[in-house]
Amino acid sequence: MNKQFKRSITAVAGAFLAFTLVGCASTTEAEVTESAAAGTTETTEALKIAIMPKAINIGYFAAWDEGAQKACEELGAECDYIGPNEATGPAQVQFINQVIQKGYDILVISAADQNAIVPSLEEARAAGITIVTSDADVAAEAAGSRLVSILPSAADRIGTAEVDWIAESVGETGTIAILSAAATAANQNVWIDAMGPYLEETYPNMSWAGGSLDSAVFYGDDDPTKSTEQFNAILNQYPDIAGIIAPTTVGVLAAAAEKKAKGAAVKVTGLGLPSEMAPYIEDGTVEKVGLWNPIDLGYVAVYAGVLGFNGDFDGSVGSTFEAGDTTYTVTDGGIAFLGDPFTFTPDNIATFKEIY
Amino acid sequence: MSRFHITWDKGVGLFLVFTILLGTFSSEYFATTSNLTFIIRDVAEIAIIALAMAYLIIAGEIDLSVASMLSLSSATIGFLYRAEVPFEVAMVGGVLVGLLAGLFNGFLVTVLGLPSLAVTIATLALYRGMCWILLGNKPVNQLPSEWVNLGYSQIPGTFLPWTIIPVVVLAGLAWFVLHGTRFGRWVFAIGVNSQAAEFSGIPVRRVKLALFGFTGIMSGIAGVIYTLRFASSSPDGAVGYELGVIAAVLFGGVSIAGGIGTIWGVISAVLSLGVIRSALQLIDFSANALLVVSGSLLLISVIAPQVTDYVRNLRSTVSTTKQIQKNERVNHE
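Protein sequence lines correspond, in order, to chains Y and Z.
Mapping of the first sequence onto the working numbering: residues 1 to 356, in sequence order.
Mapping of the second sequence onto the working numbering: residues 357 to 689, in sequence order.
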């Protein structure tokens, strides 16, 4: 019996030892942050803000956090970038618990699941935490669980902005086609619906290839090979085509690559990732693509949160707030849109291709 | 080896106490009632499924489809509720679907004689696919609030979440059946040597079928709790939970080779993993570091029994050698 007990002690001691080593390392880390925090609290009562991405290891969210940290610096707030390493609601809830437990003042979150985090957000709100969703919102029915949501662009503006870009490229004249994702892709369809009438009303010298919006839309299914085939199908069917809009990162990349390979004259624009599109923008194949800017999303969300926490902004429809030198207005559903999609041109592509 | 598990699961119990102490001393936010609520709430589904998984692994089988069954139960609830079936009926439907899914696994293993590892990897994908078919890409929210509140509110007057009730009741039952009944002894006997068990008259296949069905029911119940706790039914729920369950079961001293394990050890393991996670989060460990810690603990739980075994063998070899030398000396004299 005695020997057996000794053995169990040895086994457990092993586990303890490993744990204690980890524990020691963390204590040092914790002490450092604590003393740093103490330094700031002495002078001002810094707001504690949690910046929670869908998952911490995604490059896009590193850019988002960069914007948030910039706002925190300007506002003298203390911002921690915390969150799960898998982008799921339940994983996020564990970290929302941590935010509640540690008494943060403000939570800026990109919802990994539009429903699953709602009870937890309600709990955080009841604990007095001001919540701002940014980049990804909770379900419309749960809009009351946060103060406001900061989202990229209103859906119709994402569509109409792309029409503006292609109009600029082709000199406001000629026929235009669209290389979309799947025929069932909800986002793309909303944007395309907005493009249809906008082109006809705004640019009298431009028209849809084949005479109507329906005849001008091709579907590459967000597959590089299929998108390339559809790009060629457009050129075969409409040899005098002036421009192609690809409202998908996969489609626009495939179109740019094939345009370059063929030396085609058609102009190409759309929604593209700067890191992927950089070579084509740098060599002039494509003049301009756009996408929302995660840095601004994070930046504006922190401002909204701090103003809300201080009682200077209530998030109601029609209310306004300022971030940087821009004024944002809350629209239906408690959402503030950044405005136009951010555009990438030869002037700024070098900076943004490093970010996302 | 057969005696070792007694000490290992006690060790996990001690480890739980240790982690609670460590949490208390390392963060002022740890030992608060609200944090205990969070920890208990957070481990409820894993705990319930781990009880059944312990039986299966002790009997020498495994079920990797548990997270998909949980999600299928949740998706069924959402699907039925969207079709305007009363929510109470929908929840029963979720548990029943869990049972059916578990029995199907059991059928493939016991009747067709397929290996459970392969079968349940396949049904992991199959059941997940069925979730997507049931719900499409539209999660169901707006569930009845009186039920949803049970998922994350406390029993009035206490800090204990409602979800602790099914956990405690089911753990009590699982403990009693495994350690106090003939059926429980059968489970161990099958795990030690399935053939010998069969020869001694134990209905091995029927027991295994029952265990798979039990795992399905428990996953179904976990699916109900999951649905309430996250106030929604979504086709991609609980992805990856099977790893958390298996980690807890193995860390709790159940031997992956079968035949060894206790419910007490498994519950201690589930709780200590929840406590460690909470404590480390509160001292600002990042999610990436947490992954390293939980992986290391699992590794320790697999390695430690081997090491102690090795040490014990070494010691007995040494003593035998000494004995032989002594005998030889005696002979020489």
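Positions of the beta carbon are idealized from the N, C-alpha and C atoms, including for glycine.
| Query | Result |
| --- | --- |
| Could you tell me which chain C residues have their CB closer than 7 angstroms to the CB of residue 512/Z, listed as they occur along the chain? | Annotation note: the requested chain C is absent from the structure, which comprises protein chains Y and Z. |
| Can a CB atom of chain Z be found closer than 7 angstroms to the CB of residue 102/Y? | yes |
| Verify the CB distance criterion: does residue 293/Y have a CB-CB separation below 7 angstroms to chain Z? | no |
| Excluding sequence positions up to five away, which residues of its chain have a Cβ less than 6 angstroms from the Cβ of residue 35/Y? | With a pLDDT of 40 at residue 35/Y, under the threshold of 50, the modelled position of that residue is not reliable, and no figure is offered here. |
| Closest by CA to residue 139/Y, which one among 335/Y, 158/Y, 238/Y, 262/Y? | 335/Y |
| According to DSSP, what are the bridge partners of residue 510/Z? | 517/Z |
| Taking 8 angstroms as the threshold, find out whether the region 207-215 of chain Y comes into contact with the region 169-187 of chain Y through three or more Cβ pairs. | yes |
| If the cut is a Cβ gap below 7 angstroms, which residues of chain Z does residue 118/Y touch? | 587 |
| Output yes or no for whether 7 angstroms exceeds the beta carbon distance between residue 404/Z and residue 565/Z. | no |
| Per the DSSP calculation, residue 80/Y is bridged to which residue(s)? | 50/Y |
| With the cut-off set at 7 angstroms, would you say residue 110/Y and residue 53/Y are in Cβ contact? | yes |
| Using three-state DSSP, classify residue 327/Y as helix, strand or coil. | strand |
| Helix, strand or coil: which one does DSSP assign to residue 246/Y? | strand |
| Would residue 414/Z and residue 472/Z be called neighbours here (beta carbons separated by less than 7 angstroms)? | no |
| What residue range does the alpha helix (DSSP H) around residue 177/Y cover? | Where residue 177/Y is concerned, there is no enclosing alpha helix (DSSP H), although the beta strand (DSSP E) it sits in stretches over 174-180. |
| Less than 7 angstroms between the beta carbons of residue 77/Y and residue 47/Y, yes or no? | yes |
| Residue 227/Y to residue 253/Y, Cα distance in whole Å? | 9 angstroms |
| Report the residue from 340/Y, 255/Y, 164/Y whose alpha carbon sits nearest the alpha carbon of residue 196/Y. | 164/Y |
| Less than 7 angstroms between CB atoms is the rule here; does residue 373/Z satisfy it with respect to chain Y? | no |
| Which chain Z residues sit within Cβ distance under 9 angstroms of residue 333/Y? | Per Cβ cutoff of 9 angstroms: no residues; residue 333/Y is ~15 angstroms from chain Z at best. |
| Give me, in chain order, the residues of the same chain whose beta-carbon lies closer than 8 angstroms to that of residue 393/Z; leave out the 5 immediate sequence neighbours on both sides. | 510, 515, 516, 517 |
| Between which two residues does the beta strand (DSSP E) harbouring residue 130/Y extend? | 130-134 |
| With a cut-off of 7 angstroms, does the C-beta of residue 508/Z fall near any C-beta of chain Y? | yes |
| Tell me whether residue 589/Z sits in a helix, a strand or coil according to DSSP, three-state version. | strand |
| Does any C-beta atom of chain Y lie closer than 7 angstroms to the C-beta of residue 671/Z? | no |
| Can you tell me whether residue 564/Z is helix, strand or coil according to DSSP? | helix |
| Going straight from the alpha carbon of residue 313/Y to that of residue 321/Y, what length do you get? | 7 angstroms |
| Against chain Y, with Cβ distances strictly below 7 angstroms, would residue 394/Z count as a contact? | yes |
| Roughly how many whole angstroms lie between the Cα atoms of residue 607/Z and residue 339/Y? | 52 angstroms |
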